[in-house]
Amino acid sequence: MLKTFLLNLKLFLLYSSSHKLRTFLTTLGLIIGIGSLVLIVSLGNSAQKSIAVQMQKLGTNLITILPGGSEEGKPASQLFSSQEITTLKYEDAQALKDTPGIVALTAYVRGTVVLNYLNKTKNVLFSGVEPEYLLVENTQIEKGRFFNEDENESMAKVVVLGWQIAKDLFQRSDPLGKKIKINNQNFKIIGVMKKRGKIMFFDYDKEIFLPLKTAQKIILGIDHINFIRAKAVNEKLIPLISTYFKKTLRYRHRITEAKKDDFTIKDSQQMLDIFYKTTNTLKLFLAIIASVSLLVGGIGIANVMYVIVDERIREIGLRKAVGAKNSDILYQFLLESIILTLIGGVIGIFLGILAEFLISVIANRFGLLWPFIISWPSIFISLFVSFLIGLFFGFLPARKASQFSPAQAMRYE
Amino acid sequence: MFIKLIDVKKDYLSGKVVTPALRGVNLEIKRGEFVAIVGSSGSGKSTLMHIIGLLDKPTAGKYLLSNKDVSSLSDDQLAYLRNEKIGFVFQSFNLLPKISVLDNVLLPTLYSKETNHSKAKKEAISLLEKVGLKEKITVKPNEISGGEQQRVAIVRALINNPDLVLADEPTGNLDSKSSKVIMEIFSKIHQEGKTIIIVTHEDNIAKYAQRIVTMKDGKII
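Heads up: the sequence lines are chains G and B, in that order. My numbering numbers the first residue of the first sequence as 1 and each following residue consecutively. My numbering numbers the first residue of the second sequence as 1001 and each following residue consecutively.
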């Protein structure tokens, strides 16, 4: 049995090595299919890992309140709405500040402004926040100071620059105390943030920070805020704090039914879960597309197996004449097609990993945090899928081979 | 009686046209006989050999091999008999080109349940020695002459120690010198007690046999 297997294996390798190009071309579909499957899964894993790491950089134990309701386990409706939802107010944030169990809490407004210094003009993102921002997001000032509560309340025209902005505008000179124009109004620079890097899709070093009320009233001229973020003392307190937030906001907004909530509370873990859910769906979708090329690859395999069977009808006849049973011939050709697809699978896996490696090298060169992850489950699944393709698409040709009558096969020219 | 054919008929079907190849053959062959089946091409002699060798099934009639009716046997049982009881030699040698002479000889043992591999290998080498191919066991078939290839094919036919050896025009692709060597080997095998049936259209080959059966238009005359 083993001897038969080994001889058949040897024969197959000898035959296919004499048709290298043909063998390669027919397995190409499979190689591409398996390769892209491996690539997609590991790219997905790397992206998820990268974002998970960045979310941790943003701070742990965070609770975010977004305007607008949402369904359980789904992203807040605000994320999908083109119109700004205005249900959250500055006063809501103030009312939540004495919630037990939180380290700090701040309201946010965000937008873009035109920045002007000497002859330099820049479009930049800004965050309008409260002084507690530093505590909530676990970040620090490099030079000068952050604004205080008085400056916020009095809508003072002061600004704290992101690290990169300060560098771009002032090079080596000291920006502290200098005046810059924001949307054509003079603002005094009181501080520069520490370098923080990109988190998710935001480059915090290229932002500027304004007192919340200044940003809200003077820059944006609005009455609402974009979101509220709080940091809990520890993870265990998050559900309790969320409940407290919910009760307070429902009371303030005169809401009696949970269904009618005009706000959404998400903690960092929930955000991560939602993110994973969404990206997993995307991964699955892409994997299904890649599977189509596997199907095409499988048809290629079936095709070449028919050609191989036709070329070797006399051999089949001879083997039957010397005593091979139908099942011996069936196994022989199934074995060949499975080996063919396994070899294709291994090449595909190798190419997929290589592509993923190159992408991670390039991404890291461009400053993106992009870990190179080899996904073992996807490799084993790919091998198993290759095996199944060999078995499935090799079956009909192998069965055809096994059912020639020996005399018929021997006569074949 | 070792082989007994009773009114065996064989029709070939190509599309809707039925071509009769055997039109009622009656033949008896005793164990240990050396029989030559002769006839012009298209007389049905190869078809007869295929049926005797269990490579094909008759359309009608009865075939008793060792007093057993083989028409009721399954494909697997027929494969078993071909493997254990019958050895084949073909006009075009039918060796597998990619593997060594020795591996070609051992091919039938791959499909035999009882084979002890190292014993079979020893047996193969000793048989190859007997036919003068001791030096060629590791070479590929395309590196040796036609006569040598046919000797390899004969050794392959003998490796499972069959009772019956069938040869279809075994010298058809060989020169007269090689043909003589091959026929002498068949004579020797016959002397060792095997039943041999050779299909040929050459009289000087047929004369090695004890008995000549002549066919014409699908019948024995």
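The C-beta atom is built at its ideal place from N, Cα and C for all residues, glycine as well.
Could you please give the first and the last residue of the uninterrupted alpha helix (DSSP H) stretch that includes residue i?
i	result
D1075(B)	D1075 to K1085
D150(G)	E149 to E153
G390(G)	W376 to S402
V361(G)	N326 to R365
K1180(B)	S1176 to Q1191
L210(G)	Counting along the chain, L210(G) falls outside any alpha helix (DSSP H), though it belongs to the beta strand (DSSP E) covering E207 to P211.
Y1063(B)	Per DSSP, Y1063(B) belongs to no alpha helix (DSSP H); it is in the beta strand (DSSP E), A1060 to L1065.
L169(G)	W163 to F170
Using alpha carbons as the reference points, say which of the options lies closest to residue i.
i	options	result
Q408(G)	E1169(B), I1051(B), L1096(B) and N1026(B)	I1051(B)
F187(G)	S36(G), V158(G) and G197(G)	V158(G)
Y1166(B)	D1076(B), V1155(B), N1104(B) and K1121(B)	Per the sequence shown, the amino acid found at residue 1166(B) is Leu instead of Tyr. Considering only alpha carbons, the answer is V1155(B).
L1174(B)	I1197(B), A1157(B), I1185(B) and E1148(B)	E1148(B)
I274(G)	I51(G), L13(G), I31(G) and L25(G)	I51(G)
I208(G)	L272(G), V109(G), I40(G) and Q83(G)	V109(G)
S268(G)	I374(G), H224(G) and K57(G)	K57(G)
K283(G)	T256(G), L37(G), L2(G) and F263(G)	L37(G)
H19(G)	V304(G), I362(G) and I381(G)	V304(G)
G111(G)	L220(G), L249(G) and I238(G)	L220(G)
T1214(B)	K1009(B), G1032(B), G1193(B) and I1037(B)	I1037(B)
V1070(B)	E1123(B), Q1150(B), I1003(B) and L1107(B)	I1003(B)
T264(G)	K246(G), L330(G) and H253(G)	K246(G)
S46(G)	L396(G), K400(G) and E356(G)	E356(G)
I349(G)	L39(G), V292(G) and F5(G)	L39(G)
G352(G)	T279(G), G35(G), F12(G) and K10(G)	G35(G)
F170(G)	V136(G), Y117(G) and V53(G)	Y117(G)
A107(G)	N152(G), L115(G) and I343(G)	N152(G)
N184(G)	G297(G), N123(G) and V307(G)	N123(G)
T139(G)	D205(G), N119(G), A287(G) and G177(G)	D205(G)
G59(G)	N119(G), D98(G), L134(G) and L25(G)	L134(G)
K181(G)	L210(G), D203(G), K198(G) and G197(G)	L210(G)
Measure the C-alpha to C-alpha separation of residue i and residue j and round it to an integer number of angstroms.
i	j	result
L1164(B)	K1207(B)	19 Å
Q216(G)	E130(G)	11 Å
G1053(B)	S1074(B)	15 Å
L340(G)	V1139(B)	27 Å
P1097(B)	P1141(B)	6 Å
M423(G)	K167(G)	It is not possible to answer for residue 423(G), since the shown part of chain G is limited to 1 through 413.
F1299(B)	I389(G)	Past the edges of chain B, shown from 1001 to 1221, lies residue 1299(B), and the structure says nothing about it.
S378(G)	L354(G)	14 Å
A398(G)	F1090(B)	25 Å
R1211(B)	V1035(B)	5 Å
G345(G)	I31(G)	6 Å
F146(G)	S154(G)	15 Å
I362(G)	I373(G)	15 Å
I1189(B)	I1137(B)	21 Å
L1110(B)	I1144(B)	24 Å
From the beta carbon of residue i, is the nearest beta carbon of chain B less than 7 Å away?
i	result
D328(G)	yes
L318(G)	yes
G323(G)	yes
A401(G)	no
A302(G)	no
A407(G)	yes
Are the C-beta atoms of residue i and some chain G residue less than 7 Å apart?
i	result
H1050(B)	yes
Y1111(B)	yes
A1206(B)	no
R1082(B)	yes
N1094(B)	yes
A1120(B)	no
D1011(B)	no
D1163(B)	no
A1079(B)	yes
L1005(B)	no
L1102(B)	no
P1141(B)	no
Which residue marks the beginning of the beta strand (DSSP E) containing residue i, and which one marks its end?
i	result
D1007(B)	I1003 to S1014
E142(G)	I141 to G144
V114(G)	I102 to Y117
S127(G)	K120 to V129
L66(G)	L62 to P67
Q185(G)	Q185 to M193
Flag residue i as yes if its beta-carbon sits less than 7 Å from any beta-carbon of chain A, otherwise no.
i	result
D1075(B)	This model lacks chain A altogether; the protein chains it does include are G and B.
Measuring from the CB of residue i, is there a heavy atom of the ligand ATP at a distance below 6 Å?
i	result
R229(G)	As far as ligands go, the structure on display features none, and thus does not contain the ligand ATP.
Quiz prompt | Whole runs of the beta strand (DSSP E) within the region 1024–1055 of chain B, excluding any shorter than 3 residues | solution = DSSP runs (the beta strand (DSSP E)) wholly in the region 1024–1055 of chain B: 1034–1038.
Exercise. Only counting runs of 4 or more residues, tell me where the alpha helix (DSSP H) segments fall wholly within the region 1105–1168 of chain B, in order along the chain.
Key: Secondary structure in the region 1105–1168 of chain B: the alpha helix (DSSP H) runs of 4 residues or longer, each lying completely within the stretch, are 1117–1130 and 1146–1158 in chain order.
Quiz item: Unbroken beta strand (DSSP E) runs of length 3 or more, entirely within the region 221–301 of chain G: which are they?
Solution: If we require 3 residues or more, the beta strand (DSSP E) runs fully inside the region 221–301 of chain G come out as 227–232 and 263–267.
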